[in-house]
Amino acid sequence: MAAARKTARERARLQVDERRAQLLELGLQLFTDHTYDELSIDDIAAAAGISKGLLYHYWPSKRDFYVEVVRRAAGHLVERTAEAGVDASPDSLLHGLDAYLDFVEQHARSFTAVMRGGVGSDTEVQAIVEAARTAIADRIVSRLGVTTPTPVLRTALRGWIGFVEAASLDWLARRDLPRDELRTLCASMALAALMTTGNLPDPLA
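Position one of the sequence shown corresponds to residue 1439 (this note's numbering), numbered consecutively onward.
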């Protein structure tokens, strides 16, 4: 009897976890198509086909739901770029940038909103974005075979990540630069930064 109750509880917990995951994926799409202020709890519940009360059962407010959607989006971004390459070679860099730009293009509005402040200047949202930046920088350091990055390497990588974010925002706003040229520009900036820090050989040296 105890084993049966435990199994039932585990099944119920899995169902709750699956439902939360489904709602977060829906939220990612909704906040891609609409800004934070354009959506109400009623809109989100209607899109999910559930009552507003049930949505509040999972998250106490729209802001809490949004923060979890941002966390999930950041996780997707880190995962996708991680899968794109396994070393610090130019090919892996290009594949990683392709994965990054795929995500940027598919979730243009939510990417723009988060990078430009999200919900006002929400510190929790910004902490999630900062954690994603750190994860990407740490991965590059690892693929370079570096155990402890020097201050100049750390600064160069964080500066490059900021450049890619700013360049992506400009590209989304203007669309006057072909995507392959944007990718080449970002890759060239990365290679130049790594050569300047001494972490890649300079072909002209």
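By construction, the Cβ of each residue, glycine as well, lies at the ideal position given by its N, Cα and C atoms.
Original post:
What whole-angstrom Cβ distance do Thr-1634 and Ala-1594 have, given they're in contact under 8 Å?
Top reply: 7 Å
**OP:** With distances taken Cα to Cα, identify the nearest neighbour of Ile-1574 among Gln-1467, Asp-1481, Gly-1523.
**Re:** Gly-1523
Original post:
Alpha carbon to alpha carbon, how far is Val-1467 from Arg-1547?
Top reply: According to the sequence displayed, residue 1467 carries Gln and not Val. Taking the straight line joining both Cα atoms gives about 10 Å.
Original post:
What number of angstroms, rounded off, separates the C-alpha of Val-1508 from the C-alpha of Leu-1610?
Top reply: 19 Å
**OP:** Quick one: grab the DSSP three-state call for Arg-1613.
**Re:** Arg-1613 falls in the coil class under three-state DSSP.
**OP:** Identify which residue in Gln-1460, Leu-1515, Ser-1489, Ser-1580 has its Cα closest to the Cα of Leu-1603.
**Re:** According to the sequence displayed, residue 1603 carries Glu and not Leu. Looking at the Cα atoms, Leu-1515 is the closest of the given residues.
**OP:** Starting from the N-terminal side, write out each stretch of the alpha helix (DSSP H) that is 4 residues or longer and does not extend beyond the region 1559-1641.
**Re:** Complete alpha helix (DSSP H) runs here, min 4: 1561-1581, 1589-1612, 1617-1634.
Original post:
What's the C-alpha gap between Arg-1581 and Thr-1550?
Top reply: Cα-Cα distance, rounded: 28 Å.
Subject >> Three-state secondary structure assigned by DSSP to Arg-1458 >> reply: helix
Original post:
For Tyr-1494, which of helix, strand or coil comes out of DSSP?
Top reply: helix
**OP:** Determine the burial state of Thr-1473: buried for a count of at least 16 other Cβ atoms within 10 Å of its Cβ, exposed for fewer.
**Re:** The residue in question, Thr-1473, is exposed, as its Cβ has fewer than 16 Cβ neighbours within 10 Å.
Original post:
Thinking just about the alpha-carbon of each residue, which of Ser-1499, Thr-1470, Asp-1471, Ala-1628 is nearest to the one in Asp-1480?
Top reply: Ser-1499
Subject >> Alpha carbon of Ala-1446 to alpha carbon of Leu-1492, nearest angstrom >> reply: Caution is warranted here: a pLDDT of 48 is assigned to Ala-1446, below 50, making its placement in the model unreliable, and the coordinate value is therefore given only provisionally. When rounded, the distance between both Cα atoms is 21 Å.
**OP:** Enumerate in chain order the residues of its own chain whose CB-to-CB distance from Ile-1566 is below 7 Å, with the five nearest sequence positions on each side excluded.
**Re:** Val-1508, Arg-1509, Ala-1512
**OP:** Below 8 Å on the Cβ atoms is my guess for Leu-1532 versus Ala-1625; work out the distance and round it to an integer in Å.
**Re:** With 8 Å as the limit, Leu-1532 and Ala-1625 qualify as a contact, their Cβ atoms being about 6 Å apart.
Original post:
Hey, how far is the Cα of Ala-1520 from the Cα of Ala-1483?
Top reply: 33 Å
**OP:** Given a cut-off of 8 Å, decide if Asn-1637 and Val-1552 are closer than it, judged by their beta-carbon atoms.
**Re:** no
Original post:
Out of Ser-1527, Thr-1561, Phe-1541, which has the shortest C-alpha to C-alpha gap to Arg-1501?
Top reply: When each option's Cα is compared against that of Arg-1501, the closest is Thr-1561.
Original post:
Taking the Cβ atom as the reference point for each residue, do Arg-1577 and Phe-1541 lie within a distance shorter than 8 Å?
Top reply: Cβ atoms of Arg-1577 and Phe-1541: not closer than 8 Å.
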